[in-house]
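Peer 1: Right, I'll just put the structure down here and ask away after.
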Amino acid sequence: MIRADELTKHFKVHRRKPGFAAALASVFRRRYEVVRAVENVSFRIERGERVGFLGPNGAGKTTTLKLLAGLLHPTSGAVTVDGYVPSKRPPELLGSITLVMGQKSQLIWDLPPSETYAMNRAIFDVPKAEFDATLAELTELLELGKLVDKPTRQLSLGERMKCELAAALLHRPKTLFLDEPTIGLDVAMQLAIRDFVRRYNQRHEATVLLTSHYMDDVVALCPRILVIDEGKLVHDGDLRQLVKTMDPDKRVSFTLTSEVGADELERLGAVILREGTRVTLRVVEREIPAVVGRLLGPLHVADLAIEDPPLEEILRAMFGKAREERAASEAAEAGGAT
Amino acid sequence: MRRYLRLLGVQLRMSVASAMAYRADFLVEGAMSAAWMAVALLPLFVLYGERDTVAGWDAPSALVVLAYFMGVRAVVEGVVNPSLVELVDRIRTGAFDYVLLKPVDAQLLVSGSRYEPWKVLDLLGAAGVAVYAFVLRGHGPEPGHLLVGLALFATGVLAMYALWILCAAASFWVVRLDNLTYLLSAIFDTARWPVQVFRGAWRIVFTFVIPVAVMTTYPAMALLGALDAGTALASAGGALALLGLSRLVWRAAIRSYTSASS
Ligand SMILES: Nc1ncnc2c1ncn2[C@@H]1O[C@H](COP(=O)(O)OP(=O)(O)OP(=O)(O)O)[C@@H](O)[C@H]1O
Ligand SMILES: [Mg+2]
Chain A
1 MIRADELTKH
11 FKVHRRKPGF
21 AAALASVFRR
31 RYEVVRAVEN
41 VSFRIERGER
51 VGFLGPNGAG
61 KTTTLKLLAG
71 LLHPTSGAVT
81 VDGYVPSKRP
91 PELLGSITLV
101 MGQKSQLIWD
111 LPPSETYAMN
121 RAIFDVPKAE
131 FDATLAELTE
141 LLELGKLVDK
151 PTRQLSLGER
161 MKCELAAALL
171 HRPKTLFLDE
181 PTIGLDVAMQ
191 LAIRDFVRRY
201 NQRHEATVLL
211 TSHYMDDVVA
221 LCPRILVIDE
231 GKLVHDGDLR
241 QLVKTMDPDK
251 RVSFTLTSEV
261 GADELERLGA
271 VILREGTRVT
281 LRVVEREIPA
291 VVGRLLGPLH
301 VADLAIEDPP
311 LEEILRAMFG
321 KAREERAASE
331 AAEAGGAT
Chain B
339 MRRYLRLLGV
349 QLRMSVASAM
359 AYRADFLVEG
369 AMSAAWMAVA
379 LLPLFVLYGE
389 RDTVAGWDAP
399 SALVVLAYFM
409 GVRAVVEGVV
419 NPSLVELVDR
429 IRTGAFDYVL
439 LKPVDAQLLV
449 SGSRYEPWKV
459 LDLLGAAGVA
469 VYAFVLRGHG
479 PEPGHLLVGL
489 ALFATGVLAM
499 YALWILCAAA
509 SFWVVRLDNL
519 TYLLSAIFDT
529 ARWPVQVFRG
539 AWRIVFTFVI
549 PVAVMTTYPA
559 MALLGALDAG
569 TALASAGGAL
579 ALLGLSRLVW
589 RAAIRSYTSA
599 SS
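Protein sequences, first through last, are from chains A and B. Counting in the working numbering, the first sequence tops out at residue 338, every number present. Counting in the working numbering, the second sequence tops out at residue 600, every number present.
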């Protein structure tokens with residue numbers, strides 16, 4: 001189980017204006033600026049859950065994962081994973097978690113991945129029989145084949161990522177922190193990794209905390225999502241719930257088979273898209289039966305589909321709203337000051 | 339403990355495997371270490387060409403100091419330097435994250451992460467110089483002196499390692515290590531001379547502040563049978579104290595590690 005209570009991480013960064021004079025001045029008087037990467041974030045995650053972590057660039061997702069994995073010490077607040085404090089780096093905990101970062105590699109560049117695996121076996125003290133079994137399982141699930149015997153530098157991005165995952169899972173961790181594990185991969189590879197994560201989760205009852213910029217990854221894998229924006233947790237819960245509260249209206253899309261006037265469509269719902277004969281309407285849920293009846297009846301449309309609004313759209317609206325509110329309050333403050 | 343030994347074995351095997359991939363290096367390295375040895379010996383021959391003793395040291399005894407110097411340098415260049423250069427690289431790229439995620443001591447893991455197996459040649463060269471020095475003296479060291487001399491070699495290496503760890507810890511805060519390591523190498527270079535060659539403040543600096551005396555002079559004196567027990571113990575104790583200090587600084591550095599973004 002993972003618990004975060006009022007978890008906060010501030011980075012003190014050294015800011016310097018460009019130019020020689022500024023560089024010289026900064027030697028004598030360093031200016032620091034505080035980046036509030038994570039701010040009062042609290043949540044609990046039970047064993048075996050799959051949780052998605054969403055937020056725009058720089059929201060604090062990676063920083064939160066690093067705090068959970070013990071790489072960073074919190075500025076304030078507390079975090080425990082399976083009852084341990086990660087930043088103290090207890091070996092019992094480190095032996096049962098893993099962190100995979102899409103942009104960073106732990107594979108030894110000049111040697112084949114199998115050498116990194118041998119190294120990790122020694123580090124995690126995995127018995128030979130167990131190691132062989134796990135490696136066989138991972139090889140099958142990830143379709144590694146002969147990849148593990150090629151020098152890492154000769155692997156493609158996707159192949160490397162698969163080997164990377166295997167390296168991170170050889171000690172059979174019970175908690176997986178995955179930070180953009182599918183970054184830069186093609187759709188097929190993305191699907192393979194997604195599939196793999198779900199199967200690993202089910203087979204080992206492992207807890208999975210995943211961030212990804214591919215919304216599909218999160219939607220497909222995570223029943224629960226945490227949304228973080230500018231270091232603050234703005235939503236925690238069911239994916240459907242988020243969609244419902246943010247935008248309860250449905251999307252009704254169809255293809256026209258005859259000429260229908262714009263005002264006729266407007267009467268059914270707000271027109272979101274109209275491209276040739278393809279139309280998408282936004283319709284309040286309780287009006288769906290009437291609208292569908294009319295579309296299929298008198299209007300004779302084809303390819304009718306009713307869907308929830310896409311997550312991207314909702315998140316964009318969500319982050320946009322937060323930004324606008326803040327800009328407004330800052331403007332008000334500035335106005336009050338003068 | 340068993341885990342660390344196994345780990346050491348794996349790391350050694352990998353370094354040897356990488357070294358074997360570049361087998362031609364063996365010749366180059368061999369030639370290099372022979373050349374280095376000549377360069378190191380030259381000043382001694384020049385110096386002792388004109389006089390019999392320098393600051394109380396005759397030529398064979400000074401050779402023993404030089405042998406220690408070459409020995410410590412071989413270990414530093416063979417293990418400490420490559421490992422810590424890799425560490426600094428990992429800190430810069432953020433790959434150090436993966437070190438901290440492992441359930442073993444981070445300092446031990448990085449300290450032996452890379453070896454230059456060919457540096458064994460330098461170590462053999464150092465032993466050769468020591469043997470030659472005792473041939474010049476006309477008799478070998480007494481077994482007891484040999485034992486203390488070897489023990490102090492180990493603590494001398496540890497003292498040098500501690501200085502390196504201090505530099506590496508500094509790189510957590512400033513991330514540019516080059517200048518520090520140059521400085522350290524330059525200072526260590528003075529260890530080729532017996533510390534008695536230096537006068538006044540310098541001798542104090544090289545004995546207590548940056549204890550190069552602990553790395554070469556005292557061990558050499560022990561091997562020559564010219565070191566009293568008190569100084570031997572103080573020398574070893576000083577090295578261990580330095581090691582302890584470097585450990586404390588290292589832990590403070592880890593605490594303030596911020597990990598490269600993303
Ligand atoms: N080591 C660091 N030093 C200083 N600032 C940092 C550091 N790491 C992260 N930050 C800052 O903290 C904030 C959060 O960064 P973080 O990497 O957690 O974002 P993220 O949500 O993972 O973004 P992305 O989606 O782009 O990966 C950013 O403003 C970033 O600039
Ligand atoms: Mg990130």
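Even for Gly, the Cβ is constructed at its ideal location relative to N, Cα and C.
#1: If the criterion is Cβ atoms closer than 8 Å, does the pair residue 553 (chain B) and residue 410 (chain B) meet it?
#2: Is residue 144 (chain A) helix, strand or coil by DSSP?
#3: Which whole-angstrom value is the C-beta distance of residue 86 (chain A) and residue 79 (chain A), which I expect to be below 8 Å?
#4: Any idea if residue 153 (chain A) is buried or exposed, counting beta-carbon neighbours within 10 angstroms, 16 or more meaning buried?
#5: What's the C-alpha gap between residue 265 (chain A) and residue 251 (chain A)?
#6: Taking Cβ positions, are residue 518 (chain B) and residue 505 (chain B) nearer each other than 8 Å?
#7: Judging by CA-CA distance, which residue of A:184, A:308, A:203 is the nearest neighbour of residue 284 (chain A)?
#8: Skipping 5 residues on each side, what residues in its chain have a beta carbon closer than 7 Å to that of residue 486 (chain B)?
#9: Please classify residue 39 (chain A) as buried or exposed, where buried requires at least 16 other C-beta atoms within 10 Å of its C-beta.
#10: Whose Cβ in chain B lies nearer than 8 Å to the Cβ of residue 123 (chain A)?
#11: Taking 8 Å as the CB-CB limit, is residue 254 (chain A) close to chain B?
#12: Comparing C-alpha positions only, which one of B:562, B:528, B:425, B:446 sits nearest to residue 484 (chain B)?
#13: Within 8 Å (strictly less), CB to CB, does residue 7 (chain A) reach chain B?
#14: Helix, strand or coil for residue 337 (chain A) per DSSP?
#15: Report yes if the CB atom of residue 162 (chain A) is closer than 8 Å to the CB atom of residue 112 (chain A), and no otherwise.
#16: Provide the residue span of the alpha helix (DSSP H) that contains residue 559 (chain B), from first to last.
#17: What does the alpha-carbon distance come out to for the pair residue 447 (chain B) and residue 100 (chain A)?
#18: For a test of the three-state rule: what should DSSP assign to residue 102 (chain A), helix, strand or coil?
#19: Given that a residue counts as buried once 16 or more other Cβ atoms are within 10 Å of its Cβ, and exposed if not, what is residue 328 (chain A)?
#20: DSSP has residue 545 (chain B) in a bridge; who is on the other side?
#21: May I ask you to list, following chain order, the residues of the region 548-561 of chain B that have a beta carbon less than 7 Å from some beta carbon of chain A?
#22: Just mark residue 330 (chain A) as buried or exposed, buried being the case when its beta carbon has 16 or more other beta carbons within 10 Å.
#23: Mind checking whether the beta-carbon of residue 62 (chain A) lies closer than 7 Å to any heavy atom of ligand 2?
#24: Is residue 217 (chain A) near ligand 2 - that is, is its Cβ less than 7 Å away from at least one heavy atom of it?
#25: Using 8 Å as the threshold, is the region 449-460 of chain B in touch with the region 420-432 of chain B, meaning 3 or more CB pairs across them?
#26: Going by C-alpha to C-alpha distance, which of B:441, B:475, B:501, B:445 sits closest to residue 425 (chain B)?
#27: Which same chain residues end up closer than 6 Å to residue 405 (chain B) when comparing Cβ atoms and leaving out the 5 residues on each side of it in sequence?
#28: Is residue 431 (chain B) near ligand 4, in the sense that its beta carbon is under 7 Å from a heavy atom of that ligand?
#29: Measure from the C-beta of residue 339 (chain A) to each C-beta in chain B and report whether the shortest distance is under 8 Å.
#30: Looking only at its own chain, which residues have a Cβ that is under 6 Å from the Cβ of residue 507 (chain B), when we skip the five neighbours before and after it?
#31: Alpha carbon to alpha carbon, how far is residue 135 (chain A) from residue 88 (chain A)?
#32: Could you pull the DSSP bridge partners for residue 76 (chain A) from this structure?
#33: With three or more C-beta pairs closer than 8 Å as the rule, is the region 196-203 of chain A touching the region 112-130 of chain A?
#34: Can you have a look at residue 529 (chain B) and say buried or exposed, based on whether 16 or more other CB atoms are within 10 angstroms of its CB?
#35: Among the residues of its own chain, which have a CB less than 7 Å from the CB of residue 69 (chain A), if the five just before and after it don't count?
#36: Thinking C-alpha only, which one of A:36, A:295, A:249 is nearest residue 286 (chain A)?
Peer 2: Taking the definition as stated:
#1: Locating residue 553 (chain B) in the second sequence gives position 215, counting from the first residue. Locating residue 410 (chain B) in the second sequence gives position 72, counting from the first residue. Contact: yes.
#2: For the purposes of this step, residue 144 (chain A) is taken as residue 144 along the first sequence, with counting starting at 1. Reduced to three states, the DSSP call for residue 144 (chain A) is coil.
#3: As a first step, residue 86 (chain A) must be located in the first sequence, where it is residue number 86. As a first step, residue 79 (chain A) must be located in the first sequence, where it is residue number 79. 6 Å between Cβ atoms; contact.
#4: Taking the first residue of the first sequence as 1, we reach residue 153 (chain A) at position 153. With fewer than 16 other Cβ atoms within 10 Å, it is exposed.
#5: Numbered from its first residue, the first sequence carries residue 265 (chain A) at position 265. Numbered from its first residue, the first sequence carries residue 251 (chain A) at position 251. Between residue 265 (chain A) and residue 251 (chain A), the C-alpha separation is close to 13 Å.
#6: Locating residue 518 (chain B) in the second sequence gives position 180, where the first residue counts as 1. Locating residue 505 (chain B) in the second sequence gives position 167, where the first residue counts as 1. Contact flag set, yes.
#7: For the purposes of this step, residue 284 (chain A) is taken as the residue at position 284 of the first sequence. Residue A:308 is the option with its Cα nearest to residue 284 (chain A).
#8: For the purposes of this step, residue 486 (chain B) is taken as residue 148 along the second sequence, with counting starting at 1. Within the same chain, residue 486 (chain B) has close Cβ partners 560, 570.
#9: For this step, residue 39 (chain A) is matched to residue 39 along the first sequence. Burial call: buried.
#10: One-based indexing of the first sequence puts residue 123 (chain A) at position 123. Chain B residues near residue 123 (chain A): 341, 345, 440, 441, 442, 447.
#11: Stepping through the first sequence from its first residue, residue 254 (chain A) is reached at position 254. False, the Cβ-Cβ gap to chain B never drops below 8 Å.
#12: Residue numbering aside, residue 484 (chain B) sits at position 146 when the second sequence is read from its first letter. If we check each option's Cα against that of residue 484 (chain B), B:562 comes out closest.
#13: Locating residue 7 (chain A) in the first sequence gives position 7, counting from the first residue. So, not an interface residue.
#14: Numbered from 1 along the first sequence, position 337 holds the residue referred to as residue 337 (chain A). Residue confidence is low: residue 337 (chain A) scores 49 on pLDDT, short of 50, so the model does not pin down where it sits. Its coordinate-derived value is still stated next. Helix, per DSSP.
#15: The residue given as residue 162 (chain A) occupies position 162 in the first sequence. The residue given as residue 112 (chain A) occupies position 112 in the first sequence. No, these two residues do not count as a Cβ contact at 8 Å.
#16: Taking the second sequence and counting its residues from 1, one reaches residue 559 (chain B) at position 221. Run containing residue 559 (chain B): 556-561, per the alpha helix (DSSP H) assignment.
#17: The sequence position of residue 447 (chain B) within the second sequence is 109, counting from 1. The sequence position of residue 100 (chain A) within the first sequence is 100, counting from 1. Answer to the nearest angstrom: the Cα atoms are 19 Å apart.
#18: Here residue 102 (chain A) refers to the residue found at position 102 of the first sequence. Reduced to three states, the DSSP call for residue 102 (chain A) is coil.
#19: Mapped onto the first sequence, residue 328 (chain A) falls at position 328. By the neighbour-count rule (16 or more Cβ atoms within 10 Å), residue 328 (chain A) is not buried but exposed.
#20: Counted from its first residue, the second sequence places residue 545 (chain B) at position 207. Looking at the DSSP assignment, residue 545 (chain B) forms no beta bridge with any residue, so it has no partner.
#21: none
#22: Numbered from its first residue, the first sequence carries residue 330 (chain A) at position 330. Exposed, since its Cβ has fewer than 16 Cβ neighbours within 10 Å.
#23: On the first sequence, residue 62 (chain A) is found 62 positions in, with the first residue counted as 1. Yes, the beta carbon of residue 62 (chain A) sits closer than 7 Å to at least one heavy atom of ligand 2.
#24: Residue mapping note: residue 217 (chain A) aligns to position 217 of the first sequence, counting from 1. No, the Cβ of residue 217 (chain A) stays beyond 7 Å of every heavy atom of ligand 2.
#25: yes
#26: Start at 1 with the first residue of the second sequence, and residue 425 (chain B) comes out as number 87. It is B:445.
#27: As a working mapping, residue 405 (chain B) is identified with position 67 in the second sequence. Closer than 6 Å at the Cβ level, and outside the excluded window around residue 405 (chain B), lie 464, 467, 468.
#28: Summarising the ligand content, the structure contains ligand 1 and ligand 2 and does not contain ligand 4.
#29: Residue numbering for chain A in the displayed model covers 1 to 338; residue 339 (chain A) lies beyond these limits and cannot be assessed.
#30: As a first step, residue 507 (chain B) is located in the second sequence; it is residue number 169 there, counting from the start. Closer than 6 Å at Cβ, skipping near neighbours: 587, 588, 591.
#31: Counted from its first residue, the first sequence places residue 135 (chain A) at position 135. Counted from its first residue, the first sequence places residue 88 (chain A) at position 88. Using only the alpha carbons, I get a separation of about 29 Å.
#32: Translated into the one-based positions of the first sequence, residue 76 (chain A) becomes position 76. According to DSSP, residue 76 (chain A) bridges with A:8.
#33: no
#34: In the second sequence, the residue the question calls residue 529 (chain B) occupies position 191. Label assigned to residue 529 (chain B): buried.
#35: Walking along the first sequence from the start, residue 69 (chain A) turns up at place 69. Hits under 7 Å: 86, 97, 99, 177.
#36: On the first sequence, residue 286 (chain A) is found 286 positions in, with the first residue counted as 1. Comparing Cα positions, the closest option is A:249.
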